[in-house]
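Reviewing the structure listed below.
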Amino acid sequence: MSHHWLLTGAAGFIGYHLAERLLKAGDTVVGFDNVNDYYDPALKRGRLAQLAVHKGFRFIEGDLADRAAVEALFAAHRFDGVVHLAAQAGVRYSLTNPHSYTSSNLVGFTHILEGCRHAQITHLVFASSSSVYGANAKQPFSESDGVDHPLSLYAASKKANELMAHTYASLYGLPVTGLRFFTVYGPWGRPDMSPFLFVSRILRGEPIQVFNHGHHRRDFTYVDDIVEGIVRVLALPPKANPAWDALQPDAATSAAPYAIYNIGNGNPENLIDYIHAIEAACGKKAVMEMLPLQPGDVADTYADTRRLRAATGYAPSTPMPEGIRRFVNWYRSYYDI
Numbered sequence: 000m001s002h003h004w005l006l007t008g009a010a011g012f013i014g015y016h017l018a019e020r021l022l023k024a025g026d027t028v029v030g031f032d033n034v035n036d037y038y039d040p041a042l043k044r045g046r047l048a049q050l051a052v053h054k055g056f057r058f059i060e061g062d063l064a065d066r067a068a069v070e071a072l073f074a075a076h077r078f079d080g081v082v083h084l085a086a087q088a089g090v091r092y093s094l095t096n097p098h099s100y101t102s103s104n105l106v107g108f109t110h111i112l113e114g115c116r117h118a119q120i121t122h123l124v125f126a127s128s129s130s131v132y133g134a135n136a137k138q139p140f141s142e143s144d145g146v147d148h149p150l151s152l153y154a155a156s157k158k159a160n161e162l163m164a165h166t167y168a169s170l171y172g173l174p175v176t177g178l179r180f181f182t183v184y185g186p187w188g189r190p191d192m193s194p195f196l197f198v199s200r201i202l203r204g205e206p207i208q209v210f211n212h213g214h215h216r217r218d219f220t221y222v223d224d225i226v227e228g229i230v231r232v233l234a235l236p237p238k239a240n241p242a243w244d245a246l247q248p249d250a251a252t253s254a255a256p257y258a259i260y261n262i263g264n265g266n267p268e269n270l271i272d273y274i275h276a277i278e279a280a281c282g283k284k285a286v287m288e289m290l291p292l293q294p295g296d297v298a299d300t301y302a303d304t305r306r307l308r309a310a311t312g313y314a315p316s317t318p319m320p321e322g323i324r325r326f327v328n329w330y331r332s333y334y335d336i
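Under numbering that gives the first Met the number 0, the letters of the sequence shown match residues 0 to 336, in that order.
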């Protein structure tokens, strides 16, 4: 049976790939996005052009911070579910543009929660982030770990989203699932993220900036694996956990219909090995400019994905070198290199 989805952030990287997957499955999708200039809007328009060939896709350009626009969106449609991926992204950008995060990630999310509440949406799935783990040193990161020490305003806004979502699940019975994404990459990726930055500079023969002197480890996750996980979660609205204990509270579940899952590869890679895979795919060696750890950055990310695997059977299947090869092939094709 087909479904009718609201997908915010449809012009974004993950949003585009998820929309393609849902549309090819026969569902209909209303995409909502403000197509801002945080990075080149032409790339966002390019994604939307790919989606426009599907008759089940409708795009509405608007801003989440515009309460009237979001209310009109919910008034005009009866959605079977909502996937909220729109947000002001980027850790380093939050150091110099904090107001973008409060407007989009806090005010905008409030409007989505209110829309879902009044429309009696049966499942809201929203994007959180691995950045919420902040100063946590225990690896791998588990959903049951505390996330009380964020290292950037972006991370703080994502933790706030989780708290806001739980409040609506508790007060109004809104089934809500938060997904903590871990370093997603792949074709049509974001130009502010390392694969895009590294490939573009290596192909031009320019040096790449390697932070923390290359000692990062990242749970690089190919976008198709992420989308597979989202689709599985969409079919699994959370229920109240009858075993939830207020004296020993588990942050991943609740007495309300609320759930949090890590969604990542579960196999962190050294940054240097990742760069070597990019070099191999590009057929060129990188000139590396070694730099210290940047403010707001986390040294390592490593997802414990056992909860998601147990609930949905989620199992990422794309090896990092293969994912990098696909990204480089897309990049060469898109920019005609």
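Note that beta-carbon positions come from the ideal geometry of N, C-alpha and C, so glycine has one too. This one's a predicted model, so the numbers in the text were calculated from it and none came from an experiment.
Among the candidates the options, whose CA atom is the shortest distance from the CA of residue i?
i      : options                        : result
Phe12  : Ala254, Ala51, Glu321, Pro190  : Pro190
Gly55  : Ile120, Val29, Phe108, Pro237  : Val29
Val131 : His122, Val124, Ser141         : Ser141
Gly177 : Gln247, His122, His98, Ile59   : His122
Pro40  : Lys23, Ala24, Glu60, Leu22     : Glu60
Pro294 : Thr95, Glu70, Leu22            : Thr95
Ala280 : Gln247, Asp296, Glu268, Pro320 : Pro320
Pro267 : Gly45, Pro139, Phe58, Leu63    : Pro139
Asp65  : Asp32, Pro97, Gly14            : Asp32
Tyr260 : Arg57, Ala126, Leu63, Glu70    : Ala126
Asn240 : Ala74, Ser169, Val146          : Ser169
Is the CB-CB distance between residue i and residue j below 8 Å?
i      : j      : result
Tyr100 : Gly322 : no
Ile201 : Glu113 : no
Val90  : Tyr153 : yes
Ala250 : Ser143 : yes
His165 : Tyr257 : yes
Ser156 : Leu196 : no
Leu5   : His53  : no
Val222 : His16  : yes
Ser102 : Ala86  : no
Val209 : Phe326 : no
Arg20  : Val232 : no
Excluding the 5 residues flanking residue i on each side, which residues of the same chain have their C-beta closer than 6 Å to its C-beta?
i      : result
Lys43  : Ala10, Val34
Asp224 : Pro315, Thr317
Gly265 : Ala302, Thr304
Ser129 : Arg179, Phe181, Thr300
Ser93  : Tyr100, Ser151, Leu152, Tyr153
Gly133 : His148, Pro149, Leu150, Ala154
Please report how far the alpha carbon of residue i lies from the alpha carbon of residue j, in whole angstroms.
i      : j      : result
Cys115 : Ala68  : 14 Å
Leu72  : Ala48  : 21 Å
Ile120 : Phe108 : 15 Å
Ala276 : Asn135 : 28 Å
Asp36  : Ala88  : 12 Å
Thr252 : Pro149 : 21 Å
Ala285 : Gly8   : 33 Å
Tyr273 : Arg203 : 19 Å
Ala245 : Val124 : 24 Å
Tyr334 : Leu270 : 25 Å
Asp79  : Ser332 : 36 Å
Thr220 : Ala74  : 36 Å
Gly145 : Gln247 : 12 Å
Leu22  : Leu290 : 43 Å
Spatial neighbours of residue i within its chain, please: C-beta separation below 8 Å, excluding the five flanking residues on both sides.
i      : result
Ala298 : Asn211, His214, His215, Arg216, Leu292
Asp26  : Ser1, His2, His3, Trp4, Gly55
Arg308 : Ala314
Using 8 Å for Cβ pairs, my map puts residue i next to residue j. What's the rounded Cβ distance?
i      : j      : result
Asp218 : Gly263 : 4 Å
Pro194 : Glu288 : In fact, because the Cβ distance is near 17 Å, the residues do not count as touching under 8 Å.
Tyr313 : Gly228 : 5 Å
Ala24  : Leu50  : About 14 Å; that fails the 8 Å criterion.
Using a Cβ-Cβ cut-off of 7 Å (strictly less than) and excluding sequence neighbours within five positions of residue i, which residues of its own chain qualify?
i      : result
Tyr167 : Leu112, Arg116, Leu173, Val175
Leu235 : Ala310, Thr311
Pro186 : Arg325, Phe326, Trp329
Trp243 : Asp249, Thr252, Ser253, Ala254
Ala159 : Leu105
Gly45  : none
Please report whether the beta-carbon of residue i lies at a distance below 8 Å from any beta-carbon of chain D.
i      : result
Pro320 : The structure shown contains no chain D, having only a single protein chain.
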